[in-house]
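These notes are about the structure you will find just below.
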Ligand SMILES: [Mg+2]
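Numbering (the working numbering), first residue to last: 272 to 645.
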């Protein structure tokens, strides 16, 4: 057995990456994205990198870069040290014996293990996931909760530049009737030139959703993401049955068990899979496989990752046969600073798999130093 694969160091760094514009969700806004980098080094001198990131803070799922750093340093690192990076399955099982939930923190570690393992072998991460069934994915752009003229202007600029052909609007920050009128105005302006989707981020209750969502379908909105709270799967199923357009599950979907329940109830037509919220690459593949078996395609969703986490999600989305519903892997495009030595390649509305071993992304050490939190 090759001893070069032993893990001899686990390190973490928190950085705050400035954004090009403030990004607003229903319940939170940010002008910099906090990111936790996890570095796993082997005795052979290879370092793998993973990224722990949530959209803006703990409002989405309870974790933050601060909680992830404590979990990784204090509870996960002792499990990893001295073990082999190519034992990802047993390592993550043993991590789960010590840390019950905390899927975002685990994802950062699991991706770092894959990156180190792939680099040690000189292969891309997708090779460890069974190989790439596609080499790029379409990228939707996310628009915030600002007034219609502001988001229309931003969308038209992206369209003109040929960067994105579909747009996802964040909803839920306003009174529902006002919010629906705002989206109707946007859909009207973009009708025939771009697809418009909305994400409620679990903000409405069942009745509000049943009252207002049909108007959005009539206005030409092509997909509705997570209108009701994550644990209200029965309500999601009822809404999905009544709406003529697809419903996508996000907050309701974090584990393969969630995927099976959603599929059984017919609660979603599309699965939003984030490697971050799902605990890493392997669980994401399992969820996409459950979806594919049930006829539910997977969308490569985002927690607004920097290039490291974006590349991880890209390797997953390219390796998962069921990930046929595009992506929103726009994280690096929203960031005002390029964190990678070589930027990920966005072209023709797609994000393309990078060449090179591991994730195919090298963090710029000067940028990490510049934005490191003390
Ligand atoms: Mg979402």
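Just so you know, even glycine gets a beta-carbon here, dropped at the ideal spot from N, CA and C.
Taking Cβ positions, are residue i and residue j nearer each other than 8 Å?
| i | j | result |
| --- | --- | --- |
| residue 385 | residue 323 | no |
| residue 576 | residue 550 | no |
| residue 290 | residue 605 | yes |
| residue 590 | residue 561 | no |
| residue 478 | residue 510 | no |
| residue 598 | residue 404 | no |
| residue 548 | residue 296 | no |
| residue 435 | residue 411 | yes |
| residue 285 | residue 644 | yes |
| residue 325 | residue 337 | no |
| residue 507 | residue 518 | yes |
| residue 611 | residue 585 | no |
| residue 552 | residue 573 | no |
| residue 365 | residue 314 | no |
| residue 470 | residue 499 | no |
| residue 341 | residue 370 | no |
| residue 565 | residue 527 | no |
Of the choices the options, whose alpha-carbon is the least far from that of residue i?
| i | options | result |
| --- | --- | --- |
| residue 449 | 426, 486 and 429 | 486 |
| residue 546 | 533, 588, 564 and 618 | 588 |
| residue 468 | 441, 376, 427 and 542 | 441 |
| residue 402 | 640, 556, 527 and 518 | 556 |
| residue 276 | 326, 575, 389 and 582 | 389 |
| residue 593 | 607, 394 and 541 | 541 |
| residue 302 | 287, 312 and 316 | 287 |
| residue 298 | 472, 434, 585 and 608 | 472 |
| residue 609 | 636, 628 and 584 | 636 |
| residue 312 | 640, 418 and 380 | 380 |
| residue 356 | 399, 341 and 333 | 399 |
| residue 465 | 453, 492, 475 and 506 | 492 |
| residue 620 | 339, 367, 520 and 438 | 438 |
| residue 429 | 554, 461, 362 and 456 | 461 |
| residue 525 | 336, 377 and 406 | 377 |
| residue 455 | 426, 419 and 480 | 419 |
| residue 579 | 567, 607, 333 and 382 | 382 |
| residue 423 | 361, 453, 327 and 528 | 453 |
| residue 569 | 528, 371, 427 and 543 | 543 |
| residue 292 | 341, 371, 348 and 421 | 421 |
| residue 317 | 387, 328 and 294 | 387 |
| residue 458 | 426, 432, 444 and 431 | 426 |
| residue 433 | 618, 638 and 368 | 618 |
| residue 451 | 413, 414 and 490 | 490 |
| residue 595 | 607, 349 and 406 | 406 |
Which residues in the same chain as residue i place their Cβ atom closer than 8 Å to its Cβ, once the five residues preceding and following it in sequence are excluded?
| i | result |
| --- | --- |
| residue 512 | 537 |
| residue 514 | 484, 485, 488 and 495 |
| residue 343 | 281, 283, 307, 309, 323, 376, 379 and 380 |
| residue 445 | 416 and 453 |
| residue 481 | 509, 510 and 513 |
In the DSSP assignment, the alpha helix (DSSP H) including residue i goes from what residue to what residue?
| i | result |
| --- | --- |
| residue 349 | 348–351 |
| residue 425 | 419–431 |
| residue 360 | 359–369 |
| residue 497 | From DSSP, residue 497 is part of no alpha helix (DSSP H); its letter is neither H nor E. |
| residue 510 | 504–513 |
| residue 412 | No alpha helix (DSSP H) holds residue 412; the beta strand (DSSP E) holding it covers 412–414. |
| residue 535 | 527–536 |
| residue 337 | 336–341 |
| residue 392 | 374–392 |
| residue 602 | 602–605 |
| residue 477 | 477–489 |
| residue 583 | 578–590 |
CB-CB under 6 Å to residue i, same chain, minus the five flanking residues each way: which ones, in chain order?
| i | result |
| --- | --- |
| residue 359 | 384 |
| residue 522 | 473, 497 and 501 |
| residue 351 | 278 and 281 |
| residue 447 | 479 and 483 |
With a threshold of 7 Å on Cβ separation, who are the neighbours of residue i within its own chain once the five nearest residues in sequence on each side are excluded?
| i | result |
| --- | --- |
| residue 582 | 615, 625, 630, 631 and 632 |
| residue 516 | 488, 492, 493, 494 and 495 |
| residue 628 | 389, 390, 393, 394 and 395 |
| residue 640 | none |
| residue 330 | 298 and 299 |
| residue 353 | 277 and 278 |
| residue 504 | 523, 532, 533, 536 and 538 |
Mind checking which residues open and close the beta strand (DSSP E) that includes residue i?
| i | result |
| --- | --- |
| residue 548 | Here residue 548 belongs to no beta strand (DSSP E), and DSSP marks it neither H nor E. |
| residue 446 | Note, residue 446: premise wrong, no beta strand (DSSP E); not H, not E. |
| residue 286 | 278–295 |
| residue 468 | 466–470 |
| residue 319 | 318–323 |
| residue 302 | 300–313 |
| residue 407 | 407–409 |
| residue 518 | 518–520 |
| residue 569 | 569–571 |
Within 8 Å of any Cβ in chain E, is that where the Cβ of residue i sits?
| i | result |
| --- | --- |
| residue 586 | Chain labels in this structure do not include chain E; a single protein chain is all it has. |
Note to self: So if I measure from each beta-carbon to every heavy atom of ligand 1 and keep distances below 6 Å, which residues remain?
What the structure shows: 470, 472, 496, 497, 521 and 543
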